[in-house]
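Numbering (UniProt numbering), first residue to last: 1 to 36.
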């Protein structure tokens, strides 16, 4: 569990702004799907 979290953080750091934007879009899509 912990290792997975660290890996995710490292990947996010590597991607940087691009990763943040993708994450935001994914969250938005999930919220829209849940709303429906």
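No residue lacks a Cβ here, since even glycine has one placed at the ideal position from N, Cα and C. These figures come from a predicted structure and were not determined experimentally.
Through-space distance from residue j to residue i, alpha-carbon basis
{"i": "residue 14", "j": "residue 2", "result": "18 Å"}
{"i": "residue 7", "j": "residue 35", "result": "30 Å"}
{"i": "residue 18", "j": "residue 31", "result": "20 Å"}
{"i": "residue 33", "j": "residue 4", "result": "26 Å"}
{"i": "residue 10", "j": "residue 16", "result": "10 Å"}
{"i": "residue 28", "j": "residue 22", "result": "10 Å"}
Host alpha helix (DSSP H) of residue i (start-end)
{"i": "residue 19", "result": "17-35"}
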